[in-house]
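Protein chains in written order, with the working numbering: chain A, 4 to 343; chain B, 314 to 386. See below for the structure under consideration.
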């Protein structure tokens with residue numbers, strides 16, 4: 004037997020072992036556990052604010068930890084920092100490359116980052132002494148597009164890329180600290196939990212992976228989706244993960260059971276999920292879809308309990324404030340809307 | 314830290330990486346699904362009353378309240 008064939012057999016055998024180990028702890032289903040729970044009553048959120056200013060498709064948005072400011076990225080070549088309470092633009096940052104696909108607000112509020120088809124992650128200092136926002140660092144090494152980025156602190160940021168890897172960067176030196184390789188398809192999205200010790204990534208190989216940041220290692224891999232995973236987020240308890248996919252479903256995976264707990268799907272929904280975010284308690288899961296809507300799911304009962312309809316094109320991004328007060332949707336129609 | 318360019322890996326490299334990874338994952342200690350489901354449910358129940366998107370918020374407490382018209386008292 005050639006080495007390749009041996010490795011293939013070994014891989015199959017290990018996969019069977021993992022499947023059996025997962026089955027061995029499958030002593031219940033979420034559906035059964037919540038059979039006594041009532042579905043939440045219909046959720047009807049209203050648009051409270053519309054943030055107008057971008058001149059082209061919005062691809063990404065991210066809330067600041069203060070739950071008031073947020074940053075959005077558009078292929079009009081601008082990053083805009085908004086005061087969502089007043090709808091005022093705090094900063095309008097022109098980008099070198101207009102092909103932006105992601106943006107992120109640092110937890111400190113001092114910086115924002117973005118990237119896209121330029122394969123780079125550009126870091127901007129919002130608090131420069133002269134008041135001008137300019138590029139602080141350009142993190143270049145990925146050989147594919149930058150799909151997502153998330154700050155761990157003012158000193159470190161994690162990026163995901165179309166080159167199938169995720170990278171932890173030292174912002175000060177502009178160098179890669181760790182490369183997280185393992186996905187066999189473009190990495191589309193990543194999320195960091197509150198303890199900053201791990202992160203999760205979703206990719207075009209239909210899997211989600213949990214990574215240990217300091218060890219540089221993949222700890223767990225979650226399968227089940229039948230197409231690209233475009234969106235991923237931590238469930239608020241930090242022990243579960245929600246994913247959104249081109250297969251038109253969202254899934255809830257538990258990290259400690261190492262398996263899927265439930266799928267959020269409806270036969271009437273046939274388009275891909277672009278973005279996903281849980282509400283503060285985790286009871287609601289808000290997911291943006293290619294059909295211009297955002298569906299609101301009861302996370303326990305897996306039923307659709309509301310819709311955010313108001314955009315005239317694809318909902319590309321969604322985010323819930325840290326204080327749970329509101330959610331923001333960004334769309335290819337160039338507008339952001341704040342709902343609660 | 315060297316860049317790992319996925320395009321440069323041979324099929325054999327990828328197969329070895331996959332087996333190495335699976336050997337890590339097979340060792341994971343998994344908790345019972347029943348316990349995990351209970352914890353998810355408990356976490357939600359503990360926080361749902363303060364979850365504005367579920368419970369709503371009064372106009373006056375809403376920081377995003379729409380600017381009203383003028384009121385002459």
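From the three backbone atoms N, C-alpha and C, an ideal C-beta is built for every residue, glycine too. It should be emphasised that the depicted structure is a prediction, and the values quoted were computed from it without experimental measurement.
Quiz item: Between the Cα of residue 196 of chain A and the Cα atoms of A/223, A/272, A/213, which residue gives the shortest distance?
Solution: On the first chain, residue 196 of chain A is found 193 positions in, with the first residue counted as 1. Nearest to residue 196 of chain A by alpha-carbon distance, out of A/223, A/272, A/213, is A/213.
Self-check item: Boundaries of the alpha helix (DSSP H) in which residue 367 of chain A is found, first to last residue
Solution: Absent from the model: residue 367 of chain A. The displayed extent of chain A is 4 to 343, so no value can be given.
Exercise. Please confirm if residue 297 of chain A has its CB atom under 8 Å from at least one CB of chain B.
Key: Here residue 297 of chain A corresponds to residue number 294 of the first chain, with the count starting at 1. It does not: the Cβ of residue 297 of chain A has no partner Cβ on chain B nearer than 8 Å.
Quiz item: Can you tell me whether DSSP reads residue 347 of chain B as helix, strand or coil?
Solution: Residue numbering aside, residue 347 of chain B sits at position 34 when the second chain is read from its first letter. Reduced to three states, the DSSP call for residue 347 of chain B is helix.
Quiz item: Residues of chain D with a CB under 9 Å from the CB of residue 52 of chain A: which are they?
Solution: The chain labelled as chain D is not found among the protein chains of the depicted structure, namely A and B.
Self-check item: Residue ranges of each alpha helix (DSSP H) within the stretch 78-157 of chain A, 4 or longer
Solution: Segments of the alpha helix (DSSP H) lying fully in the stretch 78-157 of chain A: there are none.
Quiz item: Between residue 46 of chain A and chain B, is there a C-beta pair that is closer than 8 Å?
Solution: Within the first chain, the letter at position 43 stands for residue 46 of chain A. Using a Cβ-Cβ cut-off of 8 Å, residue 46 of chain A counts as an interface residue toward chain B, since at least one Cβ of chain B sits closer than that to its own.
Quiz item: Since residue 307 of chain A sits in a beta bridge, which residues does DSSP pair it with?
Solution: Sequence index remark: in the first chain, residue 307 of chain A carries index 304 (1-based). In DSSP, residue 307 of chain A forms a bridge with A/300.
Quiz item: Going by the CB atoms, is the gap between residue 284 of chain A and residue 387 of chain B shorter than 8 Å?
Solution: For residue 387 of chain B there is no data in the structure shown, the boundaries of chain B being 314 and 386.
Exercise. Confirm, please, whether the CB-CB distance from residue 209 of chain A to residue 226 of chain A is below 8 Å.
Key: Stepping through the first chain from its first residue, residue 226 of chain A is reached at position 223. Stepping through the first chain from its first residue, residue 209 of chain A is reached at position 206. Closer than 8 Å, so yes.
Quiz item: When you compare only the Cα positions, how much space is there between residue 315 of chain B and residue 236 of chain A?
Solution: The residue labelled residue 315 of chain B in the question sits at position 2 within the second chain. The residue labelled residue 236 of chain A in the question sits at position 233 within the first chain. Low confidence applies to residue 315 of chain B: its pLDDT is 45, below 50, so where it sits in the model is not reliable enough to give any reading.
Quiz prompt | Closest Cα partner of residue 360 of chain B within the set A/286, A/290, A/94 | solution = Here residue 360 of chain B refers to the residue found at position 47 of the second chain. Distances from the alpha-carbon of residue 360 of chain B to those of A/286, A/290, A/94 put A/286 closest.
Quiz prompt | residue 314 of chain B (DSSP reduced to helix, strand or coil) | solution = Walking along the second chain from the start, residue 314 of chain B turns up at place 1. Low confidence applies here, because residue 314 of chain B scores a pLDDT of 39, under 50, leaving its location unreliable; read the following figure in that light. Reduced to three states, the DSSP call for residue 314 of chain B is coil.
Self-check item: Helix, strand or coil at residue 378 of chain B according to DSSP, with G and I counted as helix
Solution: Counted from its first residue, the second chain places residue 378 of chain B at position 65. Three-state result, residue 378 of chain B: coil.
Exercise. Use the C-beta contact count for residue 254 of chain A: other C-beta atoms within 10 angstroms, 16 or more gives buried, fewer gives exposed.
Key: Taking the first chain and counting its residues from 1, one reaches residue 254 of chain A at position 251. Under this definition residue 254 of chain A is a buried residue.
Quiz item: Between the stretch 25-43 of chain A and the stretch 54-74 of chain A, are three or more C-beta pairs nearer than 8 Å?
Solution: Taking 8 Å as the limit for Cβ pairs, the verdict is that the stretch 54-74 of chain A does not touch the stretch 25-43 of chain A.
Quiz item: Any idea what DSSP makes of residue 210 of chain A, helix, strand or coil?
Solution: In the first chain, residue 210 of chain A corresponds to position 207, counting from 1. Reduced to three states, the DSSP call for residue 210 of chain A is coil.
Exercise. Less than 8 Å between the CB atoms is what I'm expecting for residue 93 of chain A and residue 85 of chain A, so what's the real figure, rounded?
Key: Here the question's residue 93 of chain A lines up with position 90 in the first chain. Here the question's residue 85 of chain A lines up with position 82 in the first chain. So it is a contact: roughly 7 Å between Cβ atoms.
Quiz item: In whole angstroms, what is the alpha-carbon distance linking residue 312 of chain A and residue 324 of chain A?
Solution: The count along the first chain starts at 1 and reaches residue 312 of chain A at position 309. The count along the first chain starts at 1 and reaches residue 324 of chain A at position 321. Answer to the nearest angstrom: the Cα atoms are 19 Å apart.
Quiz item: Who pairs with residue 256 of chain A in a beta bridge, going by DSSP?
Solution: Translated into the one-based positions of the first chain, residue 256 of chain A becomes position 253. According to the DSSP secondary-structure assignment, residue 256 of chain A is paired through a beta bridge with A/244, A/263.
Quiz item: Are the Cβ atoms of residue 107 of chain A and residue 153 of chain A separated by less than 8 Å?
Solution: The sequence position of residue 107 of chain A within the first chain is 104, counting from 1. The sequence position of residue 153 of chain A within the first chain is 150, counting from 1. Going by beta carbons, residue 107 of chain A and residue 153 of chain A fall inside the 8 Å limit.
Quiz item: Roughly how many whole angstroms lie between the Cα atoms of residue 322 of chain A and residue 290 of chain A?
Solution: Within the first chain, the letter at position 319 stands for residue 322 of chain A. Within the first chain, the letter at position 287 stands for residue 290 of chain A. Their backbone Cα atoms lie some 10 Å apart in a straight line.
Quiz item: If you draw a straight line from the C-alpha of residue 78 of chain A to the C-alpha of residue 318 of chain A, how long is it?
Solution: As a working mapping, residue 78 of chain A is identified with position 75 in the first chain. As a working mapping, residue 318 of chain A is identified with position 315 in the first chain. Rounded to the nearest angstrom, the gap between the Cα atoms of residue 78 of chain A and residue 318 of chain A is 15 Å.
Quiz item: Is the CB of residue 201 of chain A under 8 Å away from at least one CB in chain B?
Solution: Taking the first residue of the first chain as 1, we reach residue 201 of chain A at position 198. Chain B, which has no Cβ nearer than 8 Å to the Cβ of residue 201 of chain A, makes this no.
Quiz prompt | Alpha carbon of residue 354 of chain B to alpha carbon of residue 301 of chain A, nearest angstrom | solution = Along the second chain, one-based indexing puts residue 354 of chain B at 41. Along the first chain, one-based indexing puts residue 301 of chain A at 298. Going by the C-alpha atoms only, they are around 12 Å apart.
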